[in-house]
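These notes are about the structure you will find just below.
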Amino acid sequence: MKHHKGNQKKKETLVLALLILIALTAVFATFLIVYAIDQQTDITSDAVSPYTVPLEVLTQAANSEDGSRRAYVKISVVLELENRGDLREINRYADRSRAVITQTINATPAESLIDPNQLEKIQSDMISNFKKELSVKPKNIFYDQLIVQ
Numbered sequence: 238m239k240h241h242k243g244n245q246k247k248k249e250t251l252v253l254a255l256l257i258l259i260a261l262t263a264v265f266a267t268f269l270i271v272y273a274i275d276q277q278t279d280i281t282s283d284a285v286s287p288y289t290v291p292l293e294v295l296t297q298a299a300n301s302e303d304g305s306r307r308a309y310v311k312i313s314v315v316l317e318l319e320n321r322g323d324l325r326e327i328n329r330y331a332d333r334s335r336a337v338i339t340q341t342i343n344a345t346p347a348e349s350l351i352d353p354n355q356l357e358k359i360q361s362d363m364i365s366n367f368k369k370e371l372s373v374k375p376k377n378i379f380y381d382q383l384i385v386q
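Pasting the structure below:
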């Protein structure tokens, strides 16, 4: 009987040690996974700002270069911002934000809106206009939709 209790005690100790080993392995594996995800987040956070805001405007472009007509424009953009303060500023003054886009498009000849090379200039004009009007400098402006009629 005494020998049976000794074997039982050894088995219990072995099972307990195995359970502790499994638990420690699970904790270590979880740590590695969380660390890897955190490192990957650091890499992608440099690539794309989490502070974005969509804006949509219906307006008219400036007269065509030959002066014959104005084009109607529907433009949707997404502003990529540096920080939460810029995001609050854009949201607080949404009408002024749309006015910046409207003024930029109104000053642009209609033909420029369909030229891909000119779209980059319009984008940089919008960024400088946002900086002047709202003291906000978008990191980037993405065109979501641009319809010229």
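Add 237 to the 1-based position in the sequence shown for this note's numbering, that's all there is to it. A virtual CB, placed ideally from N, CA and C, is assigned to each residue, including glycine. Note that the structure is a prediction, hence the values are computed from the model and not measured.
Residue i versus residue j - alpha carbon distance
| i | j | result |
| --- | --- | --- |
| Gln386 | Leu269 | 55 Å |
| Ala331 | Arg307 | 26 Å |
| Asp303 | Asp381 | 28 Å |
| Leu356 | Leu350 | 6 Å |
| Ser305 | Asn354 | 23 Å |
| Ala396 | Asp362 | Since the first residue shown for the chain is 238 and the last is 386, residue 396 is missing from the structure and cannot be characterised. |
| Ala347 | Glu293 | 18 Å |
| Gln245 | Ile274 | 43 Å |
| Leu318 | Ser365 | 13 Å |
| Glu325 | Lys369 | According to the sequence shown, residue 325 is Arg rather than Glu. Those two C-alpha atoms are separated by around 17 Å. |
| Gly243 | Leu255 | 18 Å |
| Asp352 | Asn343 | 16 Å |
| Lys247 | Leu253 | 10 Å |
| Phe226 | Ile257 | For the chain, the structure presents residues 238 to 386; residue 226 sits outside this window and is missing. |
With 16 other Cβ atoms within 10 Å as the buried cut-off, status of residue i
| i | result |
| --- | --- |
| Ala298 | buried |
| Thr341 | buried |
| Glu249 | exposed |
| Asp323 | buried |
Cβ pair residue i, residue j closer than 8 Å
| i | j | result |
| --- | --- | --- |
| Leu316 | Val337 | no |
| Leu371 | Ser313 | no |
| Lys374 | Phe367 | yes |
| Ile327 | Thr345 | no |
| Thr296 | Thr339 | yes |
Integer Cβ distance of residue i from residue j, believed to fall under 8 Å
| i | j | result |
| --- | --- | --- |
| Ile378 | Val310 | Contact doesn't hold; Cβ gap of about 15 Å is too wide. |
| Arg321 | Tyr288 | 6 Å |
4 or more residues per run - each alpha helix (DSSP H) lying fully within the stretch 327-355
331-343
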